[in-house]
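A short worksheet on the structure shown next.
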Amino acid sequence: MLQYWSWSMILLSYLISTTGSYCTIQLMENWRRVDGVVHKRVMLVLSAFALGGCGIWCTHFTGMTALELKFEDGTALEMDFELGLTILSFIFAVLGVFVGLKIASSDPYFLEMEASRRKEMLASNLKNIKMSTVVNRNAVARRIKIIALFSRLWLIMLGGAFAALGVLGMHYIGMLAQRSNATVDLHPGVVVASVLIAFFTANAAFWILFRATASSCDLEAR
Numbered sequence: 001m002l003q004y005w006s007w008s009m010i011l012l013s014y015l016i017s018t019t020g021s022y023c024t025i026q027l028m029e030n031w032r033r034v035d036g037v038v039h040k041r042v043m044l045v046l047s048a049f050a051l052g053g054c055g056i057w058c059t060h061f062t063g064m065t066a067l068e069l070k071f072e073d074g075t076a077l078e079m080d081f082e083l084g085l086t087i088l089s090f091i092f093a094v095l096g097v098f099v100g101l102k103i104a105s106s107d108p109y110f111l112e113m114e115a116s117r118r119k120e121m122l123a124s125n126l127k128n129i130k131m132s133t134v135v136n137r138n139a140v141a142r143r144i145k146i147i148a149l150f151s152r153l154w155l156i157m158l159g160g161a162f163a164a165l166g167v168l169g170m171h172y173i174g175m176l177a178q179r180s181n182a183t184v185d186l187h188p189g190v191v192v193a194s195v196l197i198a199f200f201t202a203n204a205a206f207w208i209l210f211r212a213t214a215s216s217c218d219l220e221a222r
């Protein structure tokens with residue numbers, strides 16, 4: 001069976017992914033700064049749809065349409081998607097990301113409203129620094145930067161794990177939704193690799209979202 005890729009669709013899927021990720025960063029930054037439970041819930045839901053619905057689900061199915069399979073005689077393989085499973089894959093993506101964002105957004109280094117708690121955490125990590133080091137402001141600034149980026153990441157990792165489960169569920173349910181006259185076999189090694197990649201990339205993305213992009217914000221102990 002021959003494979004043909006539409007580079008325009010691949011580019012479109014990349015643009016969709018980038019747009020969804022950018023919107024999520026902006027929405028979560030607004031979530032961090034707005035007051036009111038209702039406003040925060042709206043921002044969180046919109047972020048889940050932006051990342052899970054647009055950045056992940058739309059990217060996935062757009063990328064799938066970029067592939068065209070043909071038999072040796074040149075006949076194209078016709079492929080459809082079952083509506084029910086396709087909708088279920090969308091729900092998995094959005095729900096997994098929503099739970100992940102909900103958990104990771106409790107990270108005190110990300111929360112602007114918990115500045116005092118974040119200051120205490122920074123102070124507890126800095127208490128073992130020698131006085132000679134404190135005199136060097138650049139060294140202290142670097143230490144604070146490292147603490148803010150890498151200290152106590154368990155909430156972010158847990159949130160990333162739920163997001164990864166949503167991505168994996170979305171992907172394999174989406175694959176099950178395919179209907180064609182060809183048989184699809186799954187290679188166990190590739191499946192395991194996809195799980196590991198999903199968890200690694202989800203945690204990396206959440207670290208970027210909740211620590212790297214927020215580290216430039218004002219830290220009282222800087």
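Numbering (the UniProt record's numbering), first residue to last: 1 to 222. Quick reminder that beta carbons are idealized off the backbone N, C-alpha and C, glycines included.
Answer yes or no: do residue i and residue j have a C-beta to C-beta separation smaller than 8 Å?
| i | j | result |
| --- | --- | --- |
| PHE92 | ILE173 | yes |
| ALA104 | ILE56 | no |
| CYS69 | GLN3 | Here the sequence assigns Leu to residue 69, which means Cys is not the residue at that position. In this structure, GLN3 lies closer than 8 Å to LEU69 by Cβ. |
| PHE206 | GLY100 | yes |
| CYS54 | THR18 | no |
Going by DSSP, name the residue or residues bridged to residue i.
| i | result |
| --- | --- |
| TRP5 | LEU67 |
| ASP80 | ARG179 |
Am I right that residue i and residue j are in contact with their C-beta atoms under 8 Å? What's the rounded C-beta distance?
| i | j | result |
| --- | --- | --- |
| ILE10 | GLY63 | 7 Å |
| GLY96 | LEU165 | 5 Å |
| ILE16 | THR59 | 5 Å |
| PHE5 | LEU67 | Sequence inspection shows Trp at residue 5; the Phe mentioned does not correspond to that position. Contact flag correct, Cβ pair sits at about 6 Å. |
Return no unless some Cβ of chain B is closer than 8 Å to the Cβ of residue i.
| i | result |
| --- | --- |
| SER89 | In the displayed structure, chain B is absent; only one protein chain is listed. |
Starting from the Cα of residue i, find the closest Cα among the options and give me that residue.
| i | options | result |
| --- | --- | --- |
| SER180 | CYS58, PHE71 and VAL99 | PHE71 |
| LEU158 | VAL192, PHE98, GLN178 and SER194 | PHE98 |
| LEU186 | LEU15, ALA104 and HIS171 | HIS171 |
| GLY87 | ALA76, ARG152, ALA177 and ILE103 | Before going further, note that residue 87 is Ile rather than Gly in the sequence given. Selected option, being the one with the closest Cα: ALA177. |
| ALA161 | LEU12, ALA204 and GLY55 | ALA204 |
| PHE210 | VAL167, LYS102 and THR183 | LYS102 |
| ARG32 | PHE81, ILE208 and TYR109 | TYR109 |
| ILE208 | TYR22, THR183 and LEU196 | TYR22 |
| ILE197 | LEU168, PHE90 and LEU111 | LEU168 |
| PHE90 | ALA163, TRP7 and GLN3 | ALA163 |
| LEU85 | PHE61, LEU67 and SER106 | PHE61 |
| PHE49 | SER6, PHE81, HIS39 and VAL94 | VAL94 |
| ASP80 | THR201, ALA202, MET175 and THR213 | MET175 |
| LEU111 | ASP35, ALA193 and MET1 | ASP35 |
| VAL1 | SER47, VAL38, HIS39 and THR183 | The sequence as given places Met at residue 1; Val does not occur at that position. Of SER47, VAL38, HIS39 and THR183, the residue nearest in Cα terms is THR183. |
| GLY151 | ALA212, PRO188, SER47 and HIS39 | Residue identity check: residue 151 is Ser in the sequence provided, not Gly. Of ALA212, PRO188, SER47 and HIS39, the residue nearest in Cα terms is ALA212. |
Inset, instruction - Spell out a yes or no on whether the segment 42–49 and the segment 15–33 are touching, meaning 3 or more CB-CB pairs, one atom from each, closer than 8 Å. - result: yes
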